[in-house]
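The next block holds one structure in the form of structure tokens; read it before the comments.
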Amino acid sequence: MLQKSLVPMNFKRAVIEVNGGCNYTCQMCPQTNPGRSKNFLKKLSLEDFHYALEQVGHTEAIQLEGSGEPTLNSNLMDYIKLAKNYTDSVNIFTNGFRFKGDYMKRCVDAGLDLVRFSVIGYSPSTYKDMMNVDAFDTILQNALELKNYTNRCTLSSYHLILDNDNINFEIDQYRKNFIDIVDAKATIWKQHNWSGMYDNPYQRKGSKKSCGRPFADEITIRAGGLDGEWGAVHPCCQVLGRDDEAVLGHLSTNTVKEIYEGEAYNKLREAHTNETFDDISYCKDCDFLYDDNDVLVYSNIENFKLRQMMTTSLYL
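Below, the structure is given as structure tokens:
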């Protein structure tokens with residue numbers, strides 16, 4: 006471990022990935038196609054997690070995710086308990102397959118404040134087509150089990166439109182088959198293009214402008230890193246699929262403060278200030294740059310605005 010003076014940054018939000026791998030092979034995710042770099046398919050040790058927390062400082066929210074599946078960590082509850090010392094709200098984003106029974110209860114009892122289930126597909130058949138697992142009913146039951154266990158931990162859900170010509174139908178199906186059954190705080194989005202990874206059929210409209218993330222009061226830390234390093238800092242979670250080229254520094258080499266105020270981060274900010282997005286390989290084709298007013302098509306969360314991108318807002 007580095008012997009450096011650790012300065013708490015006290016960000017508004019920290020996204021700290023505790024496991025870079027995933028147990029799903031979803032059709033719309035770069036984890037599957039083209040596949041995530043092996044450099045980033047790692048678990049973040051509890052010791053290294055604590056080291057990161059010391060530098061992140063006290064935050065409004067800590068998300069134990071990134072682009073991997075947090076429930077692959079059998080001791081996830083230990084991460085949650087530790088994170089509670091540094092934040093008002095500990096959140097996990099999960100596919101929900103393993104989040105059940107005693108494991109779920111121990112995570113909730115450790116202080117978990119919000120669980121967001123990613124449910125792509127509004128029926129058993131569409132879910133299987135998109136997420137390559139025949140588990141729609143399993144996820145529904147896991148969500149209900151959480152709801153029945155506690156009302157202290159917020160249950161949320163995330164969905165994507167599969168066919169833009171049938172948006173209203175799909176919204177109705179998501180609500181009828183999942184959202185209303187489990188009483189989830191839900192959002193439904195049009196599909197997006199992860200850092201320009203795909204020839205996206207869901208083209209955005211409007212002019213380009215900065216998404217705001219390079220200037221945001223937040224930090225994104227990955228479990229893995231380049232050349233055996235760990236704790237890679239990325240500008241956001243949308244660089245999945247371009248992990249290797251989007252590294253701004255490593256916690257195994259530098260402190261969070263050094264990275265956040267460093268040359269690579271400042272170069273990114275300069276490109277966003279000057280709107281020279283083509284200078285940044287993982288930004289130039291990212292559809293989060295488009296000022297599109299038709300992205301979020303449904304939400305029952307009070308402070309979410311329909312038809313807007315989430316950008317840097319806290320999840321709740």
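If you count by this note's numbering, then the sequence shown holds residues 6 to 321, one letter each, in order. Glycine residues also receive a C-beta, built at the ideal position from the N, C-alpha and C atoms.
Query	Result
Return the Cβ separation of Asp-83 and Leu-49 in integer angstroms, given the expectation that the two are a contact with Cβ distance under 8 Å.	About 12 Å; that fails the 8 Å criterion.
Nearest CA to the CA of Trp-199: which residue from Glu-234, Gln-32, Gln-243?	Gln-243
At what residue ranges does the segment 122–197 contain a whole run of the alpha helix (DSSP H), taking only runs of 4 or more?	129–136, 141–154, 172–179
Write down the C-beta distance between Gly-73 and Ala-228 rounded to the nearest angstrom, noting that I regard them as a contact closer than 8 Å.	7 Å
Measuring only the C-alpha atoms, how far is Met-14 from Gln-178?	43 Å
Closest to Leu-87 by CA distance: which of Gly-62, Asn-271, Cys-158 is it?	Gly-62
Following the continuous beta strand (DSSP E) through Thr-99, name the residue where it begins and the one where it ends.	95–99
Assign Asn-44 to buried or exposed, taking buried as 16 or more other Cβ atoms, counted over all protein chains shown, within 10 Å of its Cβ.	buried
Please tell me whether Asn-96 and Lys-190 are closer than 8 Å, where the distance is taken between their beta carbons.	no
Can the beta-carbon of Leu-256 be found closer than 8 Å to that of Trp-235?	yes
So, helix, strand or coil for Leu-273, using DSSP?	helix
According to DSSP, which residues form a beta bridge with Val-61?	DSSP output for Val-61 lists no bridge partner at all.
I need the straight-line Cα distance from Asn-116 to Ile-85, nearest angstrom please.	It should be noted that the sequence gives Gly, not Asn, for residue 116. When rounded, the distance between both Cα atoms is 6 Å.
Report yes if the C-beta distance between Phe-98 and Gln-60 is below 8 Å; otherwise report no.	no
Is it the case that the segment 143–160 contacts the segment 280–290, given that we only count it when at least three CB pairs across the two stretches are under 8 Å?	no
Hey, could you find the ends of the alpha helix (DSSP H) Glu-263 is sitting in?	261–265
Do Arg-18 and Ala-66 have their beta-carbon atoms positioned less than 8 Å apart in this structure?	yes
Quick check on the DSSP output: the alpha helix (DSSP H) that includes Val-113 runs from which residue to which?	106–114
With 16 as the cutoff for other CB atoms within 10 Å, does Gln-32 come out buried or exposed?	exposed
Kindly indicate which residue of Leu-151, Leu-145, Asn-78 has the alpha-carbon position closest to the one of Val-113.	Leu-151
Look at the alpha carbon of Ile-193 and the alpha carbon of Gly-106, and state the distance between them as a whole number of angstroms.	27 Å
Taking the alpha-carbon positions, what's the Arg-312 to Asp-299 distance?	Below a pLDDT of 50, predicted positions are generally treated as unreliable, and Arg-312, at 48, falls in that range; no measurement from the model is reported.
Starting from Leu-87, follow the alpha helix (DSSP H) in both directions and report where the run begins and ends.	81–88
Name the one or two DSSP bridge partners that Gln-68 has.	Val-20, Asn-96
Could you tell me if Gly-211 is buried or exposed, where buried requires 16 or more neighbouring beta carbons within 10 angstroms of its beta carbon?	exposed
With distance defined between alpha-carbon atoms, name the residue in Cys-27, Tyr-29, Gly-26, Leu-301 nearest to Ile-166.	Leu-301
Could you give the first and the last residue of the continuous beta strand (DSSP E) run that contains Leu-49?	Unbroken run through Leu-49: none, as it is neither H nor E.
Near Lys-213, what residues of its chain come up, given a Cβ to Cβ distance below 8 Å and the 5 sequence neighbours on each side ignored?	Glu-280, Phe-282, Leu-294, Tyr-295, Asp-296
Quick one: grab the DSSP three-state call for Thr-258.	coil
Can you pull the DSSP bridge partners for Thr-225?	Val-20, His-239
Spatial neighbours of Phe-309 within its chain, please: C-beta separation below 7 Å, excluding the five flanking residues on both sides.	Thr-192, Leu-301
Can you tell me which residues form a DSSP beta bridge with Leu-119?	Asn-96, Thr-159
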